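Q: So the protein sequences, as listed, match chains A and B.
Heads up: the first sequence at position 177 corresponds to 183 in the working numbering, and the numbers run straight through without jumps.
Heads up: the second sequence at position 62 corresponds to 98 in the working numbering, and the numbers run straight through without jumps.
All residues carry an ideal CB built from backbone N, CA and C; glycine is no exception.
All values reported here derive from a predicted model rather than from experimental measurement.
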Amino acid sequence: MIPALFSIVIGVLLLGLLAYWAFRGSSAVLRAGFSPADTSEALRLELPPVDLIERMLDPRDLAFVCKESPVETVRLFEQERQALAISWLRHTRRQVGRLMSYHVGVVGQNINLRPALEIKLGLHYVRFLVVYEVILGLSYILGPFRIRPIISYVIGVTTQLRGASEKLLGAAQLSTRTSAPPPTQ
Amino acid sequence: MILVLRSIPWMFKRFPIFYGYIGCVLVRDVSAIPIYRAWPSLYRPFYWSTAFVTAILGYAVILEIYSRSLARFPGVARLIRAVLVGLLFLVAARVIAELFGGAANPLASSAALLERDLRTLQAILLGALLGIFSVYRIPIGKNLRGIIVGYTLYVGVRVIELTAYTQSARAVGIFVSKVEPISYLICLGVWTVALWSPAPEPITDAAPNIEQDYGLLLQQTRTQLLRACTFLTRTVRP
């Protein structure tokens, strides 16, 4: 029974994947070449300053507003901070999406592509997406101020994964060459 | 027949294995009619044995799809080769487990079950190909695209049909066996439309010189991804 169920699931998944691939449109398939400007933009990864975000989500602000203001003001304050938090989360997601899109677009034609490293990179990307979705979902449900204790578990897991990734990369490789300014004469 | 007669003069050189496959299926179908009429008792073994042969030939079609679609993408071709080899190892492991696992009837108890297993593996291989086409946005020309769509549709429907045929009650089995001619007709329609006239393969621009160094690009992508992940987790740290 299990092999039969497996076959049915595979067949249905294949038809679903075929429908997705066939109907996604030729515009998505026929991509244009990447210019040096695209390269620079994709690899720069402009993220908002962490200090600003930390300041924005500082629980002391919430405590102060709760203490000094009526309930309506507290609600408004939380809504605004939630909107900001969700906005920077989406911004980060877009940036990383563009980076990965650029990467897969460029390496396809590269003879030196190493499958194992590509799969590892794919897993890193999946990990990022999982963290992103968890934080985004919790931000919607609980608000940005209340997710911090809950997220500690997620951080523990990702820190372990990050340690493995850092070993791979090496501490000296953390600076990006393309985003650096061009050498002066 | 229309497909073969219409496009074989100029398409055979381009997709020889696919046309060989279509030719085999055509010969099988044409020869099945007199067998069905003259020797009905022979029809069943004839059908299942030839179905098994065409399922084997299907692997060659997948190989042709793979080599044609990724000819200009050596990097992705290497990646998918690794994925396909991994999948084949998994299937080989499963076959060995079945052979030595004490099963009363190893691998499959009938031609239908064996074909189902072969088609399921084809479905997995085609799924891996489609997944990598989607992720790496491999541009595919109209002709090859038609072959892929038609063949994948056929394999997907065939897997479901064979599973239902081998597992369910007789009435359901008869019903699903009626699905095969319809799905095959749709596939032939897709192939006929796609291969009606030759279409050039899409031209892709070369990668910019700055990214010729794959190691550098990989390192940069991973570094930036790591930065983004660190950014997310650091800002919500309690």
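Mind checking if B:T228 is an interface residue toward chain A, Cβ cutoff 7 Å exclusive?
A: So no, B:T228 is outside the interface.
Q: Please return the same chain residues whose Cβ sits closer than 7 Å to the Cβ of A:R183, not counting the five positions on each side in sequence.
A: Note that A:R183 scores a pLDDT of 39, beneath 50, so its modelled location is shaky; the value from the coordinates is reported in the next line. Closer than 7 Å at Cβ, skipping near neighbours: no residue.
Q: Take the Cβ of B:W227 as the centre, count every other Cβ of all protein chains shown within 10 Å, and call the residue buried at 16 or more, exposed below.
A: Label assigned to B:W227: buried.
Q: Any idea if A:E139 is buried or exposed, counting beta-carbon neighbours within 10 angstroms, 16 or more meaning buried?
A: Exposed is the call here.
Q: Is B:I196 close to chain A, meaning its C-beta is less than 7 Å from at least one C-beta of that chain?
A: Yes, its Cβ sits closer than 7 Å to a Cβ of chain A.
Q: Going along the stretch 129-142 of chain A in order, which residues come within less than 9 Å of chain B, judged by CB to CB distance?
A: From the stretch 129-142 of chain A, only H130, Y131, R133, F134, V137, Y138, I141 have a Cβ closer than 9 Å to chain B.
Q: Please report the distance separating the alpha-carbon of B:A140 from that of B:L150.
A: Residue placement at B:A140 cannot be trusted, given a pLDDT of 46 that sits under 50; the coordinates are not used to answer.
Q: Whose C-alpha, out of A:I125, A:G17, A:L19, A:T79, is nearest the C-alpha of B:R117?
A: Closest option to B:R117, Cα to Cα, is A:I125.
Q: Within 10 Å of its beta-carbon, does B:P234 have 16 or more other beta-carbons around it, so buried, or fewer, so exposed?
A: B:P234 should be labelled exposed.
Q: Check whether chain B comes within 7 Å of A:I14, counting only Cβ atoms and requiring the distance to be less than that.
A: Chain B contact via Cβ: present.
Q: Here's a check: name, in chain order, each residue in its chain whose Cβ is nearer than 8 Å to the Cβ of A:A178, leaving out the five neighbours to either side.
A: Confidence in A:A178 is poor, its pLDDT being 32 and thus under 50, which makes the residue's placement unreliable; the coordinate value appears in the next sentence. Closer than 8 Å at Cβ, skipping near neighbours: no residue.
Q: Examine chain B for any beta-carbon lying closer than 7 Å to the beta-carbon of A:L58, and answer yes or no.
A: Not closer than 7 Å to any Cβ of chain B, the Cβ of A:L58 fails to qualify, so no.
Q: Please list the partners that A:Q101 has in chain B, where partner means a Cβ-to-Cβ separation under 8 Å.
A: Result: A264.
Q: Can you tell me the Cα-Cα spacing of A:L167 and A:F83, whole angstroms?
A: The pLDDT assigned to A:L167 is 46, lower than 50, so where the model puts this residue is not dependable, and the model offers no usable value.
Q: How many angstroms separate the CA atom of A:T98 from the CA atom of B:L231?
A: Straight-line Cα distance between these residues: approximately 44 Å.
Q: Ignore the nearest five residues each way along the sequence and tell me which others in B:R80's own chain have a CB closer than 8 Å to its CB.
A: Excluding residues within five positions, none has a Cβ falling inside 8 Å.
Q: Using the three-state DSSP reduction, which class does B:D153 fall into: helix, strand or coil?
A: If DSSP states are grouped into helix, strand and coil, B:D153 belongs with the helices.
Q: If we count the other Cβ atoms within 10 Å of its Cβ and call it buried at 16 or more, is B:L161 buried or exposed?
A: Flag for B:L161 reads buried.
Q: Chain B partners of A:E124, CB-CB under 7 Å?
A: Per Cβ cutoff of 7 Å: L115.
Q: Nearest-angstrom Cα distance between B:I58 and A:A25?
A: Roughly 23 Å separates the two Cα atoms.
Q: Between the stretch 93-113 of chain B and the stretch 47-55 of chain B, do three or more beta carbon pairs fall short of 8 Å?
A: The stretch 93-113 of chain B, when compared against the stretch 47-55 of chain B, does touch it at the 8 Å Cβ threshold.
Q: Skipping 5 residues on each side, what residues in its chain have a beta carbon closer than 8 Å to that of A:S145?
A: For A:S145, where only same-chain residues beyond five positions count, the Cβ hits under 8 Å are Q88, A91, I92, L95, I153.
Q: Using a Cβ-Cβ distance cut-off of 7 Å, determine whether A:H97 contacts chain B.
A: Not one chain B Cβ lies under 7 Å of A:H97.
Q: Report yes if the CB atom of B:P110 is closer than 7 Å to the CB atom of B:G177, and no otherwise.
A: Against a cut-off of 7 Å, the Cβ pair of B:G177 and B:P110 comes out as no contact.
Q: Using a 10 Å radius around the Cβ and a threshold of 16 neighbouring Cβ atoms, would you call A:T79 buried or exposed?
A: Per the 10 Å Cβ criterion, exposed.
Q: Can you list, in chain order, the residues of the stretch 71-93 of chain A whose Cβ is nearer than 9 Å to any Cβ on chain B?
A: Going along the stretch 71-93 of chain A in chain order, one finds A91 with a Cβ nearer than 9 Å to chain B.
Q: Using the C-alpha atoms, what's the distance from A:Q85 back to A:F151?
A: A:F151 and A:Q85: Cα-Cα distance of roughly 11 Å.
Q: Taking the straight line between their C-alpha atoms, what separation do you get for A:T164 and B:Q255?
A: For A:T164, the predicted model reports a pLDDT of 48, less than 50, meaning its position is unreliable; a value from the coordinates is still stated below. Their backbone Cα atoms lie some 19 Å apart in a straight line.
Q: DSSP state of A:I152, grouped into three classes?
A: Sequence check: residue 152 of chain A is Arg here, not Ile. Coil.
Q: B:I69 to A:V112, Cα distance in whole Å?
A: B:I69 and A:V112: Cα-Cα distance of roughly 52 Å.
Q: Assign A:K73 to one of three DSSP states: helix, strand, or coil.
A: If DSSP states are grouped into helix, strand and coil, A:K73 belongs with the helices.
Q: Ordered along the chain, which non-local residues of its own chain (more than five positions away) have a Cβ less than 6 Å from that of B:R114?
A: Around B:R114: no qualifying Cβ.
Q: Run through chain B and tell me which residues come within less than 7 Å of A:D111, C-beta to C-beta.
A: It should be pointed out that residue 111 of chain A corresponds to Gly in this sequence rather than to Asp. Under the 7 Å cutoff, chain B gives R173.
Q: For B:L126, count neighbouring Cβ atoms within 10 angstroms of its own Cβ and tell me buried if that reaches 16, exposed if not.
A: The residue is exposed, with fewer than 16 neighbouring Cβ atoms inside 10 Å.
Q: Output needed for A:V102: all residues of its chain with C-beta closer than 7 Å, excluding positions within five of it in sequence on either side, in chain order.
A: So the qualifying residues of the chain are F134.
Q: Three-state secondary structure (DSSP) at B:F48?
A: B:F48 falls in the coil class under three-state DSSP.
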